[in-house]
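Protein chains: 2
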Amino acid sequence: MEFFDTIKARRSIRKYTAKAVPEEVIEKALDAALLAPNSSNLQTWEFYWVRSPEKKQKLIEACLSQSAARTAQELIVVVANPALWKKTNPEMIKFIASVKAPKLVLTYYQKLVPMTYGLSFLAPLKWILFNAIGLFRPITRGPVSFRDIQEVSMKSAALASENFMLAISAQGFATCPMEGFDERRVKKLLKLSCMTRVVMAISVGEADEKRGTWGPQVRFNREWFVKKV
Amino acid sequence: MEFFDTIKARRSIRKYTAKAVPEEVIEKALDAALLAPNSSNLQTWEFYWVRSPEKKQKLIEACLSQSAARTAQELIVVVANPALWKKTNPEMIKFIASVKAPKLVLTYYQKLVPMTYGLSFLAPLKWILFNAIGLFRPITRGPVSFRDIQEVSMKSAALASENFMLAISAQGFATCPMEGFDERRVKKLLKLSCMTRVVMAISVGEADEKRGTWGPQVRFNREWFVKKV
Numbered sequence: 207m208e209f210f211d212t213i214k215a216r217r218s219i220r221k222y223t224a225k226a227v228p229e230e231v232i233e234k235a236l237d238a239a240l241l242a243p244n245s246s247n248l249q250t251w252e253f254y255w256v257r258s259p260e261k262k263q264k265l266i267e268a269c270l271s272q273s274a275a276r277t278a279q280e281l282i283v284v285v286a287n288p289a290l291w292k293k294t295n296p297e298m299i300k301f302i303a304s305v306k307a308p309k310l311v312l313t314y315y316q317k318l319v320p321m322t323y324g325l326s327f328l329a330p331l332k333w334i335l336f337n338a339i340g341l342f343r344p345i346t347r348g349p350v351s352f353r354d355i356q357e358v359s360m361k362s363a364a365l366a367s368e369n370f371m372l373a374i375s376a377q378g379f380a381t382c383p384m385e386g387f388d389e390r391r392v393k394k395l396l397k398l399s400c401m402t403r404v405v406m407a408i409s410v411g412e413a414d415e416k417r418g419t420w421g422p423q424v425r426f427n428r429e430w431f432v433k434k435v
Numbered sequence: 207m208e209f210f211d212t213i214k215a216r217r218s219i220r221k222y223t224a225k226a227v228p229e230e231v232i233e234k235a236l237d238a239a240l241l242a243p244n245s246s247n248l249q250t251w252e253f254y255w256v257r258s259p260e261k262k263q264k265l266i267e268a269c270l271s272q273s274a275a276r277t278a279q280e281l282i283v284v285v286a287n288p289a290l291w292k293k294t295n296p297e298m299i300k301f302i303a304s305v306k307a308p309k310l311v312l313t314y315y316q317k318l319v320p321m322t323y324g325l326s327f328l329a330p331l332k333w334i335l336f337n338a339i340g341l342f343r344p345i346t347r348g349p350v351s352f353r354d355i356q357e358v359s360m361k362s363a364a365l366a367s368e369n370f371m372l373a374i375s376a377q378g379f380a381t382c383p384m385e386g387f388d389e390r391r392v393k394k395l396l397k398l399s400c401m402t403r404v405v406m407a408i409s410v411g412e413a414d415e416k417r418g419t420w421g422p423q424v425r426f427n428r429e430w431f432v433k434k435v
């Protein structure tokens with residue numbers, strides 16, 4: 207499908223038909239998700255494709271049994287897992303060392319990434335340091351706390367989620383991103399570490415043309431959101 | 207451009223050529239951004255297109271003068287502004303009342319949204335309540351604090367950012383999402399309320415084919431990120 211047609215075709219669908227979604231459709235959308243830009247290319251995201259009927263039932267309940275989950279053919283849980291930096295950062299160091307990147311970039315991965323992801327318990331100290339330096343010159347104010355790091359990871363996972371949802375639309379199926387879920391129960395179900403965050407659950411299926419949405423897509427006054435300064 | 211070609215064409219570009227980006231290209235990408243899915247359709251996002259040469263220079267400095275900002279033709283700052291719910295929620299109530307949505311949906315916008323966005327100072331109380339109920343049945347554990355609400359808003363703004371970046375790629379130009387900036391200075395420059403969060407700065411231009419990237423796109427072992435359960 208053409209790109210802008212895909213953007214227009216995507217709607218959040220709350221009821222799906224009984225038509226199955228071919229495996230290849232999901233796999234292709236997952237491939238698209240993994241090509242999203244992300245923080246320092248550390249790819250601290252995970253995509254749980256919940257296929258076991260028993261787990262699926264539990265996930266539907268954790269999504270408060272909303273119809274977007276209940277009538278879905280497939281369910282994917284997007285997770286931010288900052289701990290993946292331990293696997294991906296050494297690979298980034300290898301890559302950067304192999305190309306003609308400025309030396310500063312190598313130092314960034316060798317020194318700054320471990321300090322940021324590994325030493326979040328020093329958050330108060332970092333906060334004071336960054337804000338003191340910030341009085342004199344521009345400096346990034348974060349991430350300092352572990353919550354800040356989760357936030358960075360969640361943003362990247364959201365970028366990937368959008369790729370995933372658009373890629374499903376481009377193949378003629380529909381999605382609904384859900385934030386109304388019981389994070390504790392989802393984490394227990396997927397055996398996630400307490401350091402992770404559940405970014406969203408995405409349901410997939412064929413849109414029920416009559417009852418998939420409540421009406422036309424609603425977008426408000428563009429001037430409320432777009433500012434030229 | 208075809209959708210999957212667009213996904214593959216998008217790379218984060220760190221050096222741009224001197225070629226100007228037509229205004230229509232940015233406007234079209236902003237339109238695409240505004241069509242992203244978002245939390246409760248409250249559209250709590252803002253896109254600052256920084257055009258004044260003086261502000262642009264200050265923004266480049268706040269982005270630590272990195273080449274992705276310095277060589278950019280256009281700069282857009284994506285902001286999460288939860289306070290926009292005050293404008294958009296009444297409009298959602300009007301819309302929901304005008305269509306055949308379940309009564310529960312109307313109640314959600316009339317009662318639950320104001321309680322969530324307006325009463326975040328009750329966070330500790332909400333946390334205890336949600337977690338107590340959660341012992342017995344599935345319930346959303348958040349958002350409770352104002353930080354939680356910002357997080358929800360940032361996720362939605364990230365979904366929109368991905369639409370924006372893909373839409374630029376679909377038109378033959380390139381982007382770089384930047385998180386390495388001085389949030390305090392960016393907020394001061396754009397006169398943002400202290401309740402907002404700067405999600406990312408996105409630079410736009412024509413990719414310098416030789417020096418825009420450090421090499422091929424790096425993606426790690428798919429099995430690290432995709433889990434079938």
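Chains A and B are the protein sequences, given in the same order. So that you can map any letter, position 15 of the first sequence is 221 in our numbering, and since no number is skipped, the others follow by simple counting. So that you can map any letter, position 141 of the second sequence is 347 in our numbering, and since no number is skipped, the others follow by simple counting. Every residue, glycine too, gets a C-beta built ideally from N, C-alpha and C. The structure presented is a predicted model; accordingly, all values stated were derived computationally and were not measured.
Residue 215 of chain A is not bridged by DSSP to any residue. Contact between the stretch 246–259 of chain B and the stretch 360–378 of chain B is present: three or more C-beta pairs spanning the two stretches fall below 8 Å. Within chain B, no C-beta atom comes less than 9 Å from the C-beta of residue 401 of chain A; the nearest is roughly 16 Å away. Annotation for residue 251 of chain B: the continuous beta strand (DSSP E) segment containing it runs 251–256. The beta-bridge partner set that DSSP reports for residue 411 of chain B consists of B/380. Contacts with chain B at 9 Å (Cβ-Cβ) do not include residue 333 of chain A.
The beta strand (DSSP E) runs lying completely inside the stretch 338–408 of chain B and spanning 3 residues or more are 380–384, given in chain order. Residue 277 of chain B is outside the set of residues whose beta carbon lies under 9 Å from a beta carbon in chain A. For the pair residue 405 of chain B and residue 285 of chain B, the CB atoms are nearer than the 9 Å cut-off. Cβ neighbours of residue 294 of chain B within its own chain (closer than 6 Å, five residues either side excluded): 248 and 249. By the beta-carbon neighbour count (other beta carbons within 10 angstroms, threshold 16), residue 269 of chain B is buried.
A direct Cα-Cα distance of roughly 8 Å separates residue 245 of chain B from residue 384 of chain A. Taking CB atoms only, residue 414 of chain B has no neighbour in chain A less than 9 Å away. Rounded to the nearest whole angstrom, the CA to CA distance from residue 371 of chain A to residue 235 of chain A is 7 Å. Interface residue (Cβ-Cβ distance to chain B less than 9 Å): residue 348 of chain A is classified as such. Runs of the alpha helix (DSSP H) lying entirely within the stretch 241–298 of chain A and spanning at least 4 residues, in chain order: 259–268 and 273–276.
In this structure, residue 399 of chain B and residue 329 of chain B do not form a Cβ contact; the two beta carbons are roughly 19 Å apart against a cut-off of 8 Å. For the 9 Å CB-CB criterion, residue 401 of chain B and residue 352 of chain B form a contact.
For residue 382 of chain A against residue 282 of chain A, the beta-carbon gap comes to about 11 Å, at or over 8 Å, which does not count as contact. For residue 423 of chain A, the nearest CB of chain B lies under 9 Å from its own CB, placing it at the interface with that chain. When C-beta atoms of the stretch 413–427 of chain B are compared with those of the stretch 212–226 of chain B, three or more pairs fall below 8 Å, so the two segments count as touching. In this structure, residue 350 of chain B places its C-beta atom within 9 Å of the C-beta atom of residue 336 of chain B. In the DSSP assignment, residue 222 of chain A forms a beta bridge with A/413. Of the residues assessed, residue 369 of chain B falls on the buried side of the cut-off, its CB having 16 or more other CB atoms within 10 angstroms. Where residue 433 of chain B is concerned, the enclosing beta strand (DSSP E) starts and stops at 432–434. Residues of chain B with a Cβ closer than 7 Å to the Cβ of residue 369 of chain A are, in chain order, 213 and 368. By the C-beta density criterion, residue 403 of chain B is buried, having at least 16 other C-beta atoms within 10 angstroms.
Of B/207, B/299, B/347 and B/258, the smallest CA-CA separation from residue 388 of chain A is found for B/347. For a Cβ distance threshold of 7 Å, nothing in chain A lies close to residue 354 of chain B: the least Cβ distance comes to about 10 Å.
Among the bridge pairs identified by DSSP, residue 208 of chain A is matched with B/208. Between residue 207 of chain B and residue 424 of chain A, the gap from beta carbon to beta carbon reaches 9 Å or more. Within the same chain, 219 and 413 come within 6 Å of residue 380 of chain A by CB-CB distance, once the 5 residues on both sides are set aside. In the three-state reduction of the DSSP assignment, residue 422 of chain B falls in the coil class, being assigned neither a helical nor a strand state. By the Cβ neighbour-count rule, residue 271 of chain A is exposed, with fewer than 16 other Cβ atoms within 10 Å of its own. Look at residue 307 of chain A here: in three-state DSSP terms it is coil, with no helix or strand label.
For residue 317 of chain A, there is no enclosing alpha helix (DSSP H), as DSSP marks it with neither H nor E.
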